[in-house]
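Residue numbering for the sequence shown follows the working numbering, starting at 300 and increasing by one per position. Beta carbons: idealized from backbone N, C-alpha and C, even for Gly. Source: prediction; values computed, not measured. Notes follow the structure.
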Amino acid sequence: MQKYLINPNQKISKISKDIYGHFSEHLGRCIYNGIFVGEKSEIPNENGMRCDVVKALKEMGIPVLRWPGGCFADEYHWKDGIGPKEKRKKMINTHWGGLVEDNSFGTHEYFELCRQLGCDAYINGNVGSGTVAEMSEWVEYMTFDGISPMAELRKKNGREKPWKVKYFGIGNESWGCGGNMDPEYYGCLYKRYNTYVRDYAGNEKIMRIACGPNSSDYHWTKEVTDKVKHHAKAISLHYYTLANDSWSNKGSATEFDTKDYYRTICKAYRMEELINNHIAVMNSVNPQQWVQLVVDEWGTWYDVEPGTNPGFLYQQNTMRDAMVAALTLNIFNKHSDRVIMANIAQTVNVLQAVILTDADKMVLTPTYHVFKMFKDHQENTLLGSYITTDEIKAKEIGKSCPQLIESASVDKDGTIYSTVVNTSASKFSRIKCQVADTKVKSVKAEIITGDIHDKNDFKDNDIVKIEEFTDFKKHADGFTACLPPCSVVKFIIEK
Ligand code: AHR
Numbered sequence: 300m301q302k303y304l305i306n307p308n309q310k311i312s313k314i315s316k317d318i319y320g321h322f323s324e325h326l327g328r329c330i331y332n333g334i335f336v337g338e339k340s341e342i343p344n345e346n347g348m349r350c351d352v353v354k355a356l357k358e359m360g361i362p363v364l365r366w367p368g369g370c371f372a373d374e375y376h377w378k379d380g381i382g383p384k385e386k387r388k389k390m391i392n393t394h395w396g397g398l399v400e401d402n403s404f405g406t407h408e409y410f411e412l413c414r415q416l417g418c419d420a421y422i423n424g425n426v427g428s429g430t431v432a433e434m435s436e437w438v439e440y441m442t443f444d445g446i447s448p449m450a451e452l453r454k455k456n457g458r459e460k461p462w463k464v465k466y467f468g469i470g471n472e473s474w475g476c477g478g479n480m481d482p483e484y485y486g487c488l489y490k491r492y493n494t495y496v497r498d499y500a501g502n503e504k505i506m507r508i509a510c511g512p513n514s515s516d517y518h519w520t521k522e523v524t525d526k527v528k529h530h531a532k533a534i535s536l537h538y539y540t541l542a543n544d545s546w547s548n549k550g551s552a553t554e555f556d557t558k559d560y561y562r563t564i565c566k567a568y569r570m571e572e573l574i575n576n577h578i579a580v581m582n583s584v585n586p587q588q589w590v591q592l593v594v595d596e597w598g599t600w601y602d603v604e605p606g607t608n609p610g611f612l613y614q615q616n617t618m619r620d621a622m623v624a625a626l627t628l629n630i631f632n633k634h635s636d637r638v639i640m641a642n643i644a645q646t647v648n649v650l651q652a653v654i655l656t657d658a659d660k661m662v663l664t665p666t667y668h669v670f671k672m673f674k675d676h677q678e679n680t681l682l683g684s685y686i687t688t689d690e691i692k693a694k695e696i697g698k699s700c701p702q703l704i705e706s707a708s709v710d711k712d713g714t715i716y717s718t719v720v721n722t723s724a725s726k727f728s729r730i731k732c733q734v735a736d737t738k739v740k741s742v743k744a745e746i747i748t749g750d751i752h753d754k755n756d757f758k759d760n761d762i763v764k765i766e767e768f769t770d771f772k773k774h775a776d777g778f779t780a781c782l783p784p785c786s787v788v789k790f791i792i793e794k
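Structure, rendered in structure tokens:
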């Protein structure tokens, strides 16, 4: 029996809802077809946005959406995507599949999407191939409420009032597809671009995000944090979970054995080590902790589904992905004192998507159900918690990682939410939970579980879902429960 302690006396940090954020790029069928079909489409839409996808994302609780990239951001010229659609420039999306980008989804469409979703905006600006003036004018176009050339242009294009930009990214992967820069050079460039990202909305300051490291590039983190510490709200970490060690053979999303499964799980757990180490490096040059961490690209990355365009990054999603999502969201919750936003890649039809579409059909993936289950944590207070656990010894891969991982939070009414993940592919886990100094009135629970290969697809979209969980017993100060293999359970505890 594993021991699980939740301590309501230990209130640690607010879990920003933005930890549950998403990322949508002009890549494959994410924006086009997946989200935006155009006003003339036969697929039911409101102002061009798919009604089914918007409804599902709202129900899941999407708080913030990053756009337009990714690598695409550093070749995106925003003026190509405004004004009458028939006059918008066409370009080749050189990063992703070499398709013609007709710019029919641009700034106005993005904010319309945010409006329909009820979510905040996170725009990523172009440092790689754009100019300071271009970035500065984009911010003016979006956020200035006075008389100026860009505000007038916005009004001419049908939008009187400015929009709110909560986050603005200054470059993406500037160490790679965003310009192949050194951190010292990028740090200086950041300051130059950032100077002209004006706060037109007075007190509502735009939160600037500087390009952070790739995975474990601690040198990048140190140099960039040092340069931007007076000028950035956060730096962004990118970390993808591959099933194999090689980018040329990432492994299949659906055809995998137990060894591949555990290798993926152990690699996903690496997120915790990366967060701890990057924060330690950031603190070494910024002990005042002005600069926070965002993880604005994360998730699993496998070989594309056979027969699909390799540049579209379309992959299926199984219970393995649900485990990766659940354990990662627990890690983010536990680090919510410094991790202020995270954005899984990518919302629809790309990488670890929460939604897949095929023409007018839509499938909600196991990852979708995890986000929906976890949405109760949004804006809650993280509580101290601890669980004992066996280690999964994935001998074949020479690594081990915890079988169980949890997090617990409390909402403003005092209800406690605890999400516990059992990553074992085959073993049940019995847990005994004690809620310190608390008389527990009631416990309810929900579960997502299945075989590690279980998935939803266009033939059967209801295999993996959230169900009621009853295999637990309430005690005066907690509960005991038996967690099935490959499961995530949410306990709702009233006192
Ligand atoms: O999410 C796909 C790509 O991965 C993004 O465009 C890029 O930032 C990263 O390398």
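For residue j and residue i, the rounded distance between their alpha carbons
i, j, result
"residue 634", "residue 649", "27 Å"
"residue 322", "residue 420", "11 Å"
"residue 383", "residue 590", "40 Å"
"residue 776", "residue 605", "51 Å"
"residue 667", "residue 574", "24 Å"
"residue 401", "residue 411", "18 Å"
"residue 723", "residue 691", "7 Å"
"residue 782", "residue 737", "23 Å"
"residue 424", "residue 463", "15 Å"
"residue 479", "residue 300", "51 Å"
"residue 625", "residue 310", "22 Å"
"residue 597", "residue 642", "7 Å"
"residue 350", "residue 415", "9 Å"
"residue 476", "residue 369", "9 Å"
"residue 725", "residue 765", "20 Å"
"residue 570", "residue 448", "44 Å"
"residue 466", "residue 372", "14 Å"
"residue 495", "residue 647", "33 Å"
"residue 409", "residue 771", "45 Å"
"residue 733", "residue 689", "19 Å"
"residue 550", "residue 559", "8 Å"
"residue 762", "residue 584", "49 Å"
"residue 687", "residue 572", "19 Å"
"residue 565", "residue 729", "22 Å"
"residue 825", "residue 582", "The question about residue 825 has no answer, for the chain in this structure spans 300 to 794."
"residue 427", "residue 483", "15 Å"
"residue 644", "residue 600", "9 Å"
Chain-order list of residues whose beta-carbon lies under 8 Å from that of residue i (same chain, five-residue window excluded)
i, result
"residue 491", "431"
"residue 773", "739, 741, 742"
"residue 457", "407"
"residue 758", "none"
"residue 461", "441, 442, 443, 444, 450, 453, 499, 500"
Cut-off 6 Å between Cβ atoms - residues of its own chain near residue i, not counting five sequence neighbours on either side
i, result
"residue 314", "632, 635, 676, 679, 681, 708"
"residue 396", "608, 610, 611"
"residue 618", "665, 749, 751, 753, 785"
"residue 403", "384"
"residue 331", "none"
"residue 789", "672, 718, 745"
"residue 312", "635, 636, 681"
"residue 485", "473"
Cut-off 7 Å between Cβ atoms - residues of its own chain near residue i, not counting five sequence neighbours on either side
i, result
"residue 629", "704, 705, 706, 718, 720"
"residue 367", "324, 325, 375, 423"
Classification of residue i by the beta-carbon crowding that lies within 10 angstroms, buried from 16 upward
i, result
"residue 318", "buried"
"residue 546", "exposed"
"residue 658", "exposed"
"residue 727", "exposed"
"residue 795", "Outside the shown range of the chain, which is 300 to 794, sits residue 795, and nothing can be said about it."
"residue 459", "exposed"
"residue 577", "buried"
"residue 627", "buried"
"residue 497", "exposed"
"residue 579", "exposed"
"residue 554", "exposed"
"residue 587", "exposed"
"residue 510", "buried"
"residue 700", "buried"
Cβ-Cβ separation, residue j to residue i (assumed contact under 8 Å), whole Å
i, j, result
"residue 523", "residue 534", "6 Å"
"residue 359", "residue 674", "7 Å"
"residue 779", "residue 731", "5 Å"
"residue 283", "residue 363", "With the chain covering 300 to 794 only, the question about residue 283 has no answer from this structure."
"residue 595", "residue 640", "7 Å"
"residue 592", "residue 653", "Actually they do not touch by this definition, with Cβ atoms about 23 Å apart."
Inter-stretch contact at 8 Å, needing at least 3 Cβ pairs: the region 303-321 / the region 715-728: Touching, yes, given that three or more Cβ pairs across the two stretches are closer than 8 Å.
Touching by the beta-carbon criterion (3+ pairs, under 8 Å), the region 387-395 and the region 365-379: With the cut-off at 8 Å, the region 387-395 and the region 365-379 touch.
The region 526-538 contacting the region 504-515, beta-carbon criterion three pairs below 8 Å: Contact holds: three or more Cβ-Cβ distances are below 8 Å.
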